[in-house]
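Everything on this sheet refers to the single structure shown next.
Residue numbers (the UniProt record's numbering), protein chains in the order written: chain A, 1 to 82; chain B, 1 to 82.
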């Protein structure tokens, strides 16, 4: 769990939130084993809008934790399909 | 993320679900740094009922992942209060 927090902090700004570029870098670097690289702006915008539950154009830790839970659940399901 | 999955699998049964006793052992062993030990049945019942979103008396991976996200978020908040 500490690793999940540390990863967030290494990409979030001083205000402890992720902007769109931060989220892209985090996903493309830290989650590349689990999800495809985000290449285009439309994909990034769609993912960002989906995760940014309060629509403040930034990703708080809780929103990020929900993303981690979702990706981990998808990863777990794919383990069982193999 | 793989660690989150591995921990779940080391406590879940063959049906890949956690029963109440499994959940207690997982929380008391793997989350002891973040949450108090579950001592009494009432506390365990309350936590279990809270997490068991579909009320099937077992904890699927998705329900467990939501617990991990919740505990991690609480842990993150406490980091910022220090």
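Beta carbons are placed, not taken as given, at the ideal position from N, Cα and C, and that holds for glycine.
Whole-angstrom C-beta distance between residue j and residue i, which should lie under 8 angstroms
i                     : j                     : result
residue 69 of chain A : residue 68 of chain B : 6 angstroms
residue 38 of chain B : residue 75 of chain A : Actually they do not touch by this definition, with Cβ atoms about 27 angstroms apart.
residue 65 of chain B : residue 32 of chain A : About 20 angstroms; that fails the 8 angstroms criterion.
residue 16 of chain B : residue 9 of chain A  : 32 angstroms between Cβ atoms; not a contact.
Close-in-space but distant-in-sequence residues of the same chain around residue i (CB under 8 angstroms, 5 per side omitted)
i                    : result
residue 7 of chain B : 26, 30
Cβ neighbours of residue i in the same chain (closer than 7 angstroms, five flanking residues each side left out)
i                     : result
residue 12 of chain B : 18, 22
residue 48 of chain B : 20, 23
residue 44 of chain A : 20, 24, 38
Residue from the options with nearest C-alpha to residue i
i                     : options                : result
residue 34 of chain B : B/81, B/16, B/62, B/71 : B/71
Close beta carbons around residue i, own chain, < 6 angstroms, minus the five adjacent residues each side
i                     : result
residue 42 of chain B : none
residue 63 of chain B : 51, 53
residue 40 of chain A : none
Any chance the region 49–57 of chain A sits against the region 16–26 of chain B, with 3 or more Cβ pairs inside 8 angstroms? no
The region 56–65 of chain A contacting the region 4–21 of chain A, beta-carbon criterion three pairs below 8 angstroms: Touching, per the Cβ criterion.
Quick check for students: name the residue ranges of the alpha helix (DSSP H) that lie wholly in the UniProt domain "EF-hand" (39–74) of chain B, counting only runs of 4 or more. For the UniProt domain "EF-hand" (39–74) of chain B, the continuous alpha helix (DSSP H) assignments of 4+ residues that do not extend past its boundaries occur at 41–51, in sequence order.
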